[in-house]
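One structure below.
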Amino acid sequence: MFDKEKQLDNTRETMGINESGTSQNTEDKATSAENSAMGDPTLNTESPMPSVEGDNIPIEEVDEALSDEGAEPIFDAASENGLPLQNDYQVTIDELTKQIETLKSQVDERTSQCMRMAADFDNFRKRTQKEKEDLEQQVKCSTVIELLPVVDNFERARLQIKPQTESEMTIHKSYQGVYKDLVDRLKRIGVAPMRAEGKEFDPNLHEAVMREPTEEFAEGTVIEELVRGYLLGERVLRHAMVKVAAPPEEGMAEETHSNETEG
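Sequential numbering from 122 applies to the sequence shown in the numbering used here.
Shown next, in the form of structure tokens:
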């Protein structure tokens, strides 16, 4: 503390000496300038003041002197000069942080919306594809159903007509060739006939139009296929009309038992 006070006194003494020397030099030069002006009126009476070597004072000493004398804080001076304070920087950082968080939430929201749109589009594509396949299947079914009676007529004719002559055999072979070509084309698009005889009755495939008591077949077995059924893939085009075995009646069972006993 004493060293600082001593240094400050030395600084002030130095500044006083410089000021006295400067004032003396100034007076001497002013006198010479007046004398010159009296001899030459065109000369300018004003002249710049020369620099004094004693004015170069170390900045550290001035700062220490100002700090000892209670200089104003740096941030207050910066505020008076229009420069931002540290608090202003903190406010700016907080605002930018809030903006970043807002933008992040917006990005997340847009990403979620894009993902939902992609999922909806994928579901729409699958649903459209399935509807297209169903429509194609419906068109096939409706077309084939209209052709099935023609197939039935060919099959009835093959069973009933017995050609006797060579000409009749030629005609028979001709329409049988047409029948075979029609059946082959139906197979290409997935049409297949049911083979119901000897199988267990299935209400999903068969339509029972008759029931016949019998001991030859187990109850619920298809005895005869009256009208053939058809499938398109796994879809039923037409149910098969069948005759189903029923359990034998009591009188029939006793008669059968007596015949076996007599035999």
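Positions of the beta carbon are idealized from the N, C-alpha and C atoms, including for glycine. Here the structure is a predicted model, which means the values were calculated and not measured.
For the beta strand (DSSP E) that contains residue i, what are its first and last residues?
i, result
"I344", "V343 to V348"
"R356", "R356 to R359"
Give a yes or no on whether the C-beta atoms belonging to residue i and residue j are separated by under 8 Å.
i, j, result
"E318", "E355", "no"
"T335", "A366", "yes"
"K320", "V343", "yes"
"V304", "V348", "no"
"C262", "L353", "yes"
DSSP has residue i in a bridge; who is on the other side?
i, result
"E333", "A366"
"P314", "Y351"
"E321", "T342"
By how many angstroms is the C-alpha of residue j removed from the C-alpha of residue i?
i, j, result
"G311", "F322", "24 Å"
"P369", "M362", "22 Å"
"R316", "K308", "15 Å"
"A339", "K364", "13 Å"
"T232", "T223", "14 Å"
"G341", "E328", "12 Å"
"K251", "Q258", "10 Å"
"Y296", "V265", "20 Å"
"R248", "Q211", "55 Å"
"M238", "N244", "10 Å"
"T213", "S226", "20 Å"
"E289", "N274", "18 Å"
"L268", "D255", "20 Å"
"V228", "K253", "37 Å"
"F242", "E216", "39 Å"
"A240", "I221", "29 Å"
"P270", "T286", "28 Å"
"E230", "M236", "10 Å"
"T291", "P284", "9 Å"
"K294", "Q281", "14 Å"
"S200", "D209", "Here the model assigns S200 a pLDDT of 49, short of 50, so the residue's position is not dependable and the matter cannot be decided."
"G350", "Q234", "51 Å"
"M331", "D302", "33 Å"
So the alpha helix (DSSP H) residue i belongs to, where does it begin and stop?
i, result
"L326", "Here L326 belongs to no alpha helix (DSSP H), and DSSP marks it neither H nor E."
"R306", "E287 to R309"
Thinking C-alpha only, which one of the options is nearest residue i?
i, options, result
"H360", "E216, E257 and N325", "N325"
"R279", "V330, T218, G298 and A240", "G298"
"R277", "A240, K225 and Y300", "Y300"
For residue i, is the beta carbon positioned less than 7 Å from some heavy atom of the ligand MN?
i, result
"S295", "For the ligand MN, the structure offers nothing, since it holds no ligand at all."
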